[in-house]
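Here's the structure, in structure tokens; my notes come after.
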Amino acid sequence: MYAAAFSRFLADDTRLHFAAHSHHPWPDVARDAQLQAWDDAARWIDAKWSHVFDTVVPQAQGHVARLLKLPDPAGVVFAPNLHECVVRLASAVERDGPLRILTTDGEFHSFARQLARWEEAGVADTVRVPVEPFSTFTARWAEAAADSNVDFVYLSHTFYNSGFVVPDIHAAVRAVANAAALIAVDGYHSFMAQPVDWSASADRAFYLAGGYKYAMAGEGACFMACPPGWGERPVNTGWFAGFEELSGAQQGVPYARSAMRFAGSTFDPTALYRFNAVQHWLQDQGLTPRRIRLHVESLQQQFLAALPVAGLTMDELIPPLPASRGNFLTFRTPRAAALQQALSKAQVMTDVRGDRLRFGFGLYHAGSDVDALIHRLARCV
Numbered sequence: 002m003y004a005a006a007f008s009r010f011l012a013d014d015t016r017l018h019f020a021a022h023s024h025h026p027w028p029d030v031a032r033d034a035q036l037q038a039w040d041d042a043a044r045w046i047d048a049k050w051s052h053v054f055d056t057v058v059p060q061a062q063g064h065v066a067r068l069l070k071l072p073d074p075a076g077v078v079f080a081p082n083l084h085e086c087v088v089r090l091a092s093a094v095e096r097d098g099p100l101r102i103l104t105t106d107g108e109f110h111s112f113a114r115q116l117a118r119w120e121e122a123g124v125a126d127t128v129r130v131p132v133e134p135f136s137t138f139t140a141r142w143a144e145a146a147a148d149s150n151v152d153f154v155y156l157s158h159t160f161y162n163s164g165f166v167v168p169d170i171h172a173a174v175r176a177v178a179n180a181a182a183l184i185a186v187d188g189y190h191s192f193m194a195q196p197v198d199w200s201a202s203a204d205r206a207f208y209l210a211g212g213y214k215y216a217m218a219g220e221g222a223c224f225m226a227c228p229p230g231w232g233e234r235p236v237n238t239g240w241f242a243g244f245e246e247l248s249g250a251q252q253g254v255p256y257a258r259s260a261m262r263f264a265g266s267t268f269d270p271t272a273l274y275r276f277n278a279v280q281h282w283l284q285d286q287g288l289t290p291r292r293i294r295l296h297v298e299s300l301q302q303q304f305l306a307a308l309p310v311a312g313l314t315m316d317e318l319i320p321p322l323p324a325s326r327g328n329f330l331t332f333r334t335p336r337a338a339a340l341q342q343a344l345s346k347a348q349v350m351t352d353v354r355g356d357r358l359r360f361g362f363g364l365y366h367a368g369s370d371v372d373a374l375i376h377r378l379a380r381c382v
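For the sequence shown, my numbering gives the first residue as 2, with consecutive numbering after it.
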């Protein structure tokens, strides 16, 4: 019933979009917000920044704080992409010699690539906990986290290449034995895909996510929810991190006490306009992450009930039932690339990661869309 709200992205009615885990369609209100950002720039020119920092940013912080149940919206800082957050956060670790990092073998490319390069350059020593087998991940993570010889921890809440959801993310945070370690949780595939209450860990760990996927706002609206007192002076810093001190005499390198201590430099605020507009629309419709999640689960169950289709079986589903998963279904099969190409020719948008084929479901789908997906998939034998 909400497909009409995505009319511009879904204008091509011959195409089935099942890649919400990769690039989520934007509702039409996001286009209106895009134009509003342009009009505000034309109206105020350089003075637009007062509006951005007095209105646009606080609204966006408020939405993130509401969705994650954070104690203070000022604990949220924005960045154009998650990689900028990651490298800035890692630079806040105070240590001589290589960083001692604890992570997994299932992290997204923005972190995995940077970590590999740090290791190559000799500035990081890493322990990677295998995500699989899924059934024993929690115990294996806790065992690795009990080693106090760790400076920086990076862990996904929902893993991008499987959809596996860490069963108790707060327990995973508590398992880190080193009380001085910086802990970052990548929530990009959880934020707005499921209800997330971060309040229990808000004073200990950073939560990173953004608008590109289930927040439906596009690229450029990434954020960190920052626990107070942690990482107070990141070495990688931009002039907005000391924005409040610009009018006075500069002594040393001052930092904001709020999450703005992790701010960068001049950015395009348009993405935050889109993010706010989408959040206002969702609130007006009474659409919470829980309601969206229930809708997606019903679509996933409809799809799974039709298996086997085109050779896909329940045995290829990862993680296997009854494990929790994100808003997409992942099938591990040697035919993943061939099926993705066949689906593309059939005007079905999915994506493939190695031997893993992913189907993403969203608010804009109806049961009839899943029926159409199953029908086209059946023809891809």
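No residue lacks a Cβ here, since even glycine has one placed at the ideal position from N, Cα and C.
The structure presented is a predicted model; accordingly, all values stated were derived computationally and were not measured.
With a beta-carbon spacing of about 6 Å, Val132 and Phe165 fall inside the 8 Å limit used to define contacts. In the structure shown, the three-state DSSP call for Ser163 is coil. In the three-state DSSP reduction, Gln341 falls in the helix class (H, G or I). If one requires a minimum length of 3 residues, the beta strand (DSSP E) runs lying completely within the region 319 to 374 are 329 to 333, 352 to 354 and 357 to 361, in chain order. In the DSSP annotation of this structure, Ile46 is not part of any beta strand (DSSP E), being labelled neither H nor E.
With contacts defined by Cβ atoms closer than 8 Å, Ser259 and Ala75 form a contacting pair. Arg16 and His22 have their C-alpha atoms roughly 17 Å apart. Taking a 10 Å sphere around the C-beta of Asn328, we find 16 or more other C-beta atoms and assign the residue as buried.
For Val130, DSSP records a beta bridge to Thr105. Bridge partners of Asp97 according to DSSP: none are assigned. Considered as a whole, the region 247 to 292 harbours 271 to 286 as its complete alpha helix (DSSP H) runs of no fewer than 4 residues, in chain order. Straight across, the Cα-Cα distance linking Ala12 with His25 is about 15 Å. A distance below 7 Å between beta-carbons, with the five flanking residues on each side excluded, links Pro270 to the following residues of its chain, in chain order: Ala38, Val53 and Val57.
In this model, Val124 and Tyr155 are separated by some 16 Å (Cα to Cα). Ala117 sits away from Ala143, with the two beta carbons spaced by 8 Å or more. A residue is called buried once 16 or more other Cβ atoms fall within 10 Å of its Cβ, and Asn150, having fewer, is exposed. By the Cβ-count criterion, His376 is exposed, with fewer than 16 other Cβ atoms from all chains shown falling within 10 Å of its own Cβ.
Contact annotation: His171 and Ala201 have beta-carbon atoms nearer than 8 Å. Going by DSSP, Phe112 is part of the alpha helix (DSSP H) stretching over His110 to Glu121. Taking the CA atoms as reference points, Cys86 sits about 28 Å from Asp33. Here Pro309 is exposed. Its C-beta has fewer than 16 other C-beta atoms within 10 Å. Annotated three-state conformation of Ala34 is helix, per DSSP. In this structure, the beta-carbon distance from Leu183 to Val94 falls below 8 Å.
Between the alpha carbons of Phe135 and Gly243 lies a gap of roughly 43 Å. Under the DSSP definition of a beta bridge, Ser299 lacks any partner.
Taking each of Thr137, Ser369 and Trp282 in turn and checking the Cα distance to Pro320, the smallest one comes out for Thr137.
For Ser157, the pairing in a beta bridge is given by DSSP as Asp187.
Taking a contact as a CB-CB distance under 8 Å, the pair Gly368 and Leu300 counts as one, their CB atoms being some 7 Å apart. For Val197, the CB contacts under 6 Å within the same chain, skipping 5 residues up- and downstream, are Leu69 and Ser191 in chain order. Here His64 carries a helix assignment [DSSP, helix/strand/coil].
For Val382, there is no enclosing beta strand (DSSP E), as DSSP marks it with neither H nor E.
Your pair Leu71 and Ala203 checks out as a contact, with CB atoms roughly 5 Å apart and the cut at 8 Å. Exclusion of the five residues before and after Gln35 leaves Thr271, Tyr274 and Arg275 as the residues of its chain whose Cβ lies within less than 8 Å of its Cβ.
The continuous stretches of beta strand (DSSP E) do not include Leu71, and DSSP gives it neither H nor E. Asn277 is positioned such that its CB atom lies no closer than 8 Å to that of His110.
When only Cα atoms are considered, Val128 and Leu288 end up about 40 Å apart.
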